[in-house]
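In this note's numbering, the protein residues as written are 47 to 199.
No residue lacks a Cβ here, since even glycine has one placed at the ideal position from N, Cα and C.
Remember, it's a predicted structure, so these values are computed and weren't measured experimentally.
Take a look at the structure set out below.
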Ligand SMILES: [Zn+2]
């Protein structure tokens, strides 16, 4: 049985790539200069290039479950989303940042209790942090199931 994804890749090489080869070659020779940082959910139904009518080199993408933007915490941990945002702003000098939410998001649904019990990588926990002024206390309270107001009293 032929691999459908492999067939599509071969189709791209033979049919689509020749029409845009010059664009890709320019992106190789001159580097990327995207003007927009697009932050969105990993959901397969979210299609940033289709939504924006963009082509190769136009969008710098950050995607994760829920399209969450982590707060700055200053630790030496692994901060993929934060590093990508910093790279887009400081090195690529993007002109705009789009944070794209979408309907029927499983990550958002999980925030309200629909995550499988086996989920242990945090996608069923509340995102950190909606407000930099509330800071880590808000996240700790949310992830422990408390309301911020009761933990803040
Ligand atoms: Zn989503």
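Using the rule of at least 16 other Cβ atoms within 10 Å of the residue's Cβ for burial, across every protein chain shown, is residue i buried or exposed?
i	result
residue 235	With the chain covering only 47 through 199, there is no way to say anything about residue 235.
residue 60	exposed
residue 84	buried
residue 86	buried
residue 122	exposed
residue 50	exposed
residue 52	exposed
Quick check on residue i: does DSSP put it in helix, strand or coil?
i	result
residue 84	strand
residue 66	helix
residue 56	helix
residue 3	Only positions 47 to 199 of the chain appear in the structure, and residue 3 is not among them; the question remains open.
What does the alpha-carbon distance come out to for the pair residue i and residue j?
i	j	result
residue 80	residue 156	32 angstroms
residue 108	residue 144	10 angstroms
residue 78	residue 103	6 angstroms
residue 134	residue 73	16 angstroms
residue 136	residue 94	22 angstroms
Problem set entry | Contiguous alpha helix (DSSP H) assignments of at least 4 residues, all confined to the segment 88-153 | 94-98, 126-136
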